[in-house]
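Down below is the structure, laid out as structure tokens.
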Amino acid sequence: MVIEVSVEKRMESKARHFRLDAAFSSREQCVVLFGPSGSGKTLTLQSIAGLVTPDAGRIALNGRVLFDTQSGVNVPSRHRKIGYVFQDYALFPHRTVLENVGFGLKNDWPWRLSRDDRRQVMEFLEAFEISQLAQSYPLDISGGQKQRVALARALIRKPDLLLMDEPFAALDTLLRVKLREELAKIRRAFDIPMVMVTHDPEDIRVFAETLVIYEIGRVRECLHFLKSDGTDLEEVLAS
Amino acid sequence: MVIEVSVEKRMESKARHFRLDAAFSSREQCVVLFGPSGSGKTLTLQSIAGLVTPDAGRIALNGRVLFDTQSGVNVPSRHRKIGYVFQDYALFPHRTVLENVGFGLKNDWPWRLSRDDRRQVMEFLEAFEISQLAQSYPLDISGGQKQRVALARALIRKPDLLLMDEPFAALDTLLRVKLREELAKIRRAFDIPMVMVTHDPEDIRVFAETLVIYEIGRVRECLHFLKSDGTDLEEVLAS
Amino acid sequence: EQEIIVSAAASLTNAFTEVGKKFEAANPGTKVVLNFAASGPLLQQIEQGAPADVFASADQKTMDQANEKKLILTETRKNFAGNGLVLIVPGDAKTSIKALKDLTLKEITRISVGNPESVPAGRYAEEALTSEGLWETLKPKFILANSVRQVLDYVSRGEVDAGIVYATDAAVAKEKVRVALKLEKHKPILYPIAVVAATRKTDPARRFIDFVLSEEGVEILSKYGFGKP
Amino acid sequence: MTQTLVPLLLTLKVAGFATLGASLVGVSVAFLLARVRFRGREWLDAFLTLPLVMPPTVLGYYLIVIIGRRGWIGSWLYETFGVTLMFTWQGAVVASTVVSLPLVFKAARSAFESIDPNLEKAARTLGLSEAGVFFRVSFPLAWPGILAGTMLAFARAMGEFGATLMVAGNLPGKTQTLSLAVYDAVQAGNERMAATLVIITSLVCMAVLVFSG
Amino acid sequence: MTQTLVPLLLTLKVAGFATLGASLVGVSVAFLLARVRFRGREWLDAFLTLPLVMPPTVLGYYLIVIIGRRGWIGSWLYETFGVTLMFTWQGAVVASTVVSLPLVFKAARSAFESIDPNLEKAARTLGLSEAGVFFRVSFPLAWPGILAGTMLAFARAMGEFGATLMVAGNLPGKTQTLSLAVYDAVQAGNERMAATLVIITSLVCMAVLVFSG
Ligand SMILES: [Mg+2]
Ligand SMILES: [Mg+2]
Ligand SMILES: [Mg+2]
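Residue numbers (my numbering), protein chains in the order written: chain A, 5 to 243; chain B, 5 to 243; chain C, -15 to 213; chain D, 149 to 361; chain E, 149 to 361.
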């Protein structure tokens, strides 16, 4: 993929002011945004997805302009073809696992899934090894299972890009290792480019092809590991 | 210290049943309870502090019986002389940092701190490098600062034992390393025994003298590293 | 099927309920809806546009006000009944009142009368007591009611020690209240009735008034203790 | 029997329509206030909450000023269509709607505001339009809160007394709801009637409470 | 002037005492229900919430049955002390207390329940007794919610009409609160008086709303 991101956004609240002014670009398949919490990583991700409107900037994916203040373009979130896995997964609590995964397949009234759509959902549930949870509600399933449902729900719409916000932060250390491997496998199987937000160095080791290091409100460095421009991952992490 | 813990407790709720039946003992200064979430570590910690009443069991610290269903002993929490640092720190949001730290110093009406008490609080704030936050409210300080306030608030009462529930789980990975070292230093300075709950293997490396490994509702193993009985830490962690 | 609304003074409650039924029987296809309250509030309702077709008040003053405000058809106004005023006490009361001035006794702590501002029975009571020079003296004991039927209710429940109501009201609750004495020094109590000016049902309204004034109507009224005008 | 049945049915009719009206207005404005930031937002909230703290008789007075035969809207209605709301069951509906509006409105607003915004965002990334987000996510998630508010509004509308008395009068069979009939029966010293009405009303209220709780 | 001042002062007195009573009972029971699990817990909650959904005239009826001169408690009070609450401002206080109780109670219960239990636990490990925990942690943290409920209760008590009318009557200078005075003035066709009273009441209600919001 080719992704170009440049966003400016002021956030004002009673307690504090925050200003994000971040830009990066990548031609690799896996971009990791790394930095302390509150540095604007999630805000960047939501800008890419069209969930937040930056004050100024430009966002383009594979040559398609999604947002540009200069030319006045702002593609609504629902037309961006971008999958988003939220930090807390944001599963619909009033829908079963099956309904969650099929949620985005049919978007006009009366919202009932066709037989074909249902079959596709079932295939996805099987591929993600959650068929047995089809009729369960999100409240009753574990954190690792939730992550798979959220992933399946995003991927079933065949998005051009997958955004993931701290996908492992809510999980036990023990579970984290396992699911990290699984995600890497799934990503390869679907061959989908990804932008991931994390503050865990381990995620960088496993996923980063491009590494964007954030500090409060801005990008400190943007490193490209696949270009073999002499940048060494372990060196970066040690610093 | 000498600590003996043996607790049984049933928890019933609409969605699930949980039964804790755990026992361990130690003569070391640093006990780490390790295991997946939901395995009963926090429940054990709260039983030691007297915040939860087990259905059956016995808890003794340095020969003093705090709880014993056989002899009907159940020392109220306020008389156990045990400091507790909660996972989310549980600072009083309606009190300043100074008032939080001094909260447990004077417990009868009219709850005003004497000049001596105030001086002592100020000394603690300085020792914990949070003097500049004395008049701030918990809402306005960072996660790392909150942890120091919680520690200072617990230690100022000179407890016989310090309990810590996942002290670093809420922090950034970057901050975590720094605060882990700080805590180790503080613990040595105050020379206070500690029981810590965690699911991060790194905490075991830094703190564990006794390691209690939990699985759902019970203790799988209790290992003593200082006894040099052939147990190797790295071996345990690798398994 | 048509419907007329008759707004009538609270003291007419029992009598007009029967009058209404008999009228409906005599005029098939006409339904009578009865709206009872103190005459003052009824006048206010009509002024605010209440869909009343006939207005029957317990005193001349209220009807005069209605006339001044052009709320009634003047030519339809007729007096149709008379009444008396009595002092009642709860049926189980131990105190015995032989004259109005006994109301000043210490054991009589609460006396209920209609609010003279809006309740005709209250105005008659004020007149009667004033002429005995007792109104001002008794004022601290008064429990002012919103209608004469509320006075009756307070006395029947024993919430007050005495009350002033119409003779016909006292007769309705014979088992619960006792008439202590009749009051006399007040204007004669005459009930006027008239068609409401805003009505679109002048015909049945006139017919209802005619029925009230008819022999059958007078008979029903006298059965409930009302006198001839 | 009919003496208690008629006011009961009338009460259910009036309270039903009032609840419907209050819910439609209350839920829409609540959603607006919960999602759109505009000037005077909190003033609108305060204005709609006013009936909750205002004496019903004062509301009755305002309603007379507005929909009375000589009122702003009332005189226009009368002159144009020859209808008046005063002393009609429709007038009672208006009074009850105003009085019960804050209960739905407040409940709906807090229900909408307690929805995790990420759920609505997730729906957007899944291709839903704003209307789709409302009907498939926001509304179903707010539903338990809205329902509870609606039940309270229904109960409040059933019990409305002061404003209804002033606007709709107390006409048996036309505007005399249970609440007014109880008052009337007690006034008239009709003890058996009063007791019957009180028991019926209590039962209905308890049913509402059990359902909404 | 005095014609409006007297009912205003009376209203403030009645509403003040009623709010005080409702707050004391409401907050204590709310804390009990939020912290102690016992049988019939939710029944007690429903019972105390009943006045919120019950018509004020029905409450008035029950109050007459209980505190009327021939009521269960009323007859005892009268025979023992020679006092009766009917037609007194104290009776109006009782009616307003009952009517406004659910507002404080509900607000206080949800305020207590939304306190992070770890804060109370932390206080215990810091050596506080249960009373200390209540006065230094639970109550101060629940205070904003309790205050909002108390303000609503005050407003509700100020506006009480139906139950007060039945229990305390409508005695000028004795039990005639603003709400009743408005009704009276409209009934008597005293338009200027009605308008004055309505404006005063509206201002007081808006002030309450602004403070509680
Ligand atoms: Mg974030
Ligand atoms: Mg974590
Ligand atoms: Mg835990």
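The beta carbon of each residue, even a glycine, is placed where N, CA and C say it ideally should be.
Whole-angstrom C-beta distance between residue j and residue i, which should lie under 8 Å
| i | j | result |
| --- | --- | --- |
| Val177 of chain D | Leu196 of chain D | 6 Å |
| Val201 of chain B | Glu170 of chain B | 6 Å |
| Pro97 of chain B | Leu165 of chain B | Not really, about 26 Å apart at Cβ, beyond 8 Å. |
| Ile348 of chain E | Leu326 of chain E | 7 Å |
| Gly280 of chain D | Asn111 of chain A | 6 Å |
| Thr298 of chain D | Val358 of chain D | In fact, because the Cβ distance is near 15 Å, the residues do not count as touching under 8 Å. |
| Leu69 of chain C | Ala22 of chain C | That pair is no contact at about 15 Å. |
| Glu143 of chain C | Met234 of chain E | 5 Å |
Span of the alpha helix (DSSP H), counted from its first residue to its last, around residue i
| i | result |
| --- | --- |
| Glu52 of chain C | 44 to 52 |
| Asp169 of chain A | That residue, Asp169 of chain A, is in no alpha helix (DSSP H); its beta strand (DSSP E) goes 165 to 169. |
| Asn99 of chain C | No alpha helix (DSSP H) contains Asn99 of chain C, which DSSP labels as neither H nor E. |
| Ile193 of chain C | 186 to 197 |
| Gln(-14) of chain C | It is not in any alpha helix (DSSP H) - Gln(-14) of chain C instead sits in the beta strand (DSSP E) that spans -14 to -7. |
| Ala301 of chain E | 287 to 307 |
| Gly216 of chain E | It is not in any alpha helix (DSSP H) - Gly216 of chain E carries neither H nor E in the DSSP assignment. |
| Lys269 of chain D | 265 to 273 |
| Leu111 of chain B | Just to set this straight, residue 111 of chain B is Asn in the shown sequence, not Leu. That residue, Asn111 of chain B, is in no alpha helix (DSSP H); it is neither H nor E in DSSP. |
| Pro155 of chain D | 150 to 183 |
| Pro199 of chain D | 189 to 201 |
| Asn318 of chain D | Counting along the chain, Asn318 of chain D falls outside any alpha helix (DSSP H), and DSSP gives it neither H nor E. |
| Arg123 of chain B | 119 to 131 |
| Ile52 of chain A | 45 to 53 |
| Gly117 of chain C | Here Gly117 of chain C belongs to no alpha helix (DSSP H), and DSSP marks it neither H nor E. |
Bridge-paired residues (DSSP) for residue i
| i | result |
| --- | --- |
| Asp72 of chain B | B:Arg62, B:Val77 |
| Phe214 of chain C | In this structure chain C extends from -15 to 213, so residue 214 of chain C is not present and cannot be described. |
| Tyr88 of chain A | A:Leu167 |
| Ala40 of chain C | C:Ala(-8), C:Ile177 |
| Val206 of chain E | BP columns for Val206 of chain E are empty, so no partner. |
| Ile56 of chain C | C:Val180 |
Extent of the continuous beta strand (DSSP E) run through residue i
| i | result |
| --- | --- |
| Asp25 of chain A | 21 to 30 |
| Pro74 of chain C | 69 to 74 |
| Tyr175 of chain C | 173 to 179 |
| Phe229 of chain D | It is not in any beta strand (DSSP E) - Phe229 of chain D instead sits in the alpha helix (DSSP H) that spans 220 to 229. |
| Glu2 of chain C | It is not in any beta strand (DSSP E) - Glu2 of chain C instead sits in the alpha helix (DSSP H) that spans -3 to 10. |
| Arg14 of chain B | 7 to 16 |
| Leu20 of chain C | A quick correction: the sequence has Phe, not Leu, at residue 20 of chain C. Looking at the DSSP string, the run of the beta strand (DSSP E) that includes Phe20 of chain C is 14 to 21. |
| Ala146 of chain C | 146 to 150 |
| Phe253 of chain D | Premise fails: Phe253 of chain D lies in the alpha helix (DSSP H), 237 to 261, not in any beta strand (DSSP E). |
| Leu167 of chain C | 161 to 167 |
| Val35 of chain A | 34 to 38 |
#### Entry: 4-residue-minimum alpha helix (DSSP H) runs that sit fully inside the segment 176 to 236 of chain B, ordered along the chain
177 to 194, 205 to 211
### Query
According to a CB-to-CB cut-off of less than 9 Å, which residues of the segment 334 to 351 of chain E neighbour chain C?
Val334, Gln335, Ala336, Gly337, Asn338
### Near-chain C residues of the segment 217 to 240 of chain D (beta-carbon distance less than 7 Å), N- to C-terminal order
Arg217, Thr232, Met234, Phe235
### Query
What residues in the segment 187 to 207 of chain B bring their beta carbon closer than 7 Å to a beta carbon of chain A?
His203, Asp204, Pro205
### Contacting positions in the segment 303 to 323 of chain D - beta carbon closer than 8 Å to chain C
Gly317, Asn318, Leu319, Pro320, Gly321, Lys322
### Query
Using a Cβ cut-off of 7 Å, which residues of the segment 281 to 303 of chain D contact any Cβ in chain A, in chain order?
Arg284, Val285, Pro288, Leu289
### Message
To be precise: take each residue of the segment 258 to 277 of chain D, compare its Cβ to all Cβ atoms of chain A, and keep it if any distance is under 8 Å. Which residues remain?
### Response
Asp264, Asn266, Leu267, Lys269, Ala270, Ala271, Arg272, Thr273, Leu274, Gly275, Leu276, Ser277
### Query
Taking the runs of the alpha helix (DSSP H) that are 4 residues or longer, which of them lie wholly in the segment 331 to 356 of chain D?
none
### Query
Listed from N- to C-terminal order along the chain, which residues in the segment 169 to 189 of chain B have their beta-carbon within a distance smaller than 8 Å of any beta-carbon of chain A?
Asp176, Thr177, Leu178, Leu179
### Message
Residues of the segment 29 to 47 of chain C in Cβ contact with chain D at a cutoff of 7 Å, in chain order, please.
### Response
Gln29, Gln32, Gly33, Ala34, Pro35
### Query
Just by C-beta distance, which residues in the segment 50 to 77 of chain A are closer than 7 Å to chain D?
Ala53, Leu55
### Message
At a CB distance below 8 Å, what residues from the segment 151 to 166 of chain B approach chain E? Give them in sequence order.
### Response
Arg157, Ala158, Arg161
### Message
Residues of the segment 190 to 214 of chain D in Cβ contact with chain C at a cutoff of 8 Å, in chain order, please.
### Response
Ile212
#### Entry: Near-chain A residues of the segment 31 to 49 of chain B (beta-carbon distance less than 8 Å), N- to C-terminal order
Pro40, Ser41
### Residues in the segment 127 to 150 of chain A having any Cβ partner in chain D nearer than 8 Å
none
### Where the segment 172 to 202 of chain C meets chain E: residues whose CB sits under 7 Å from a CB there
none
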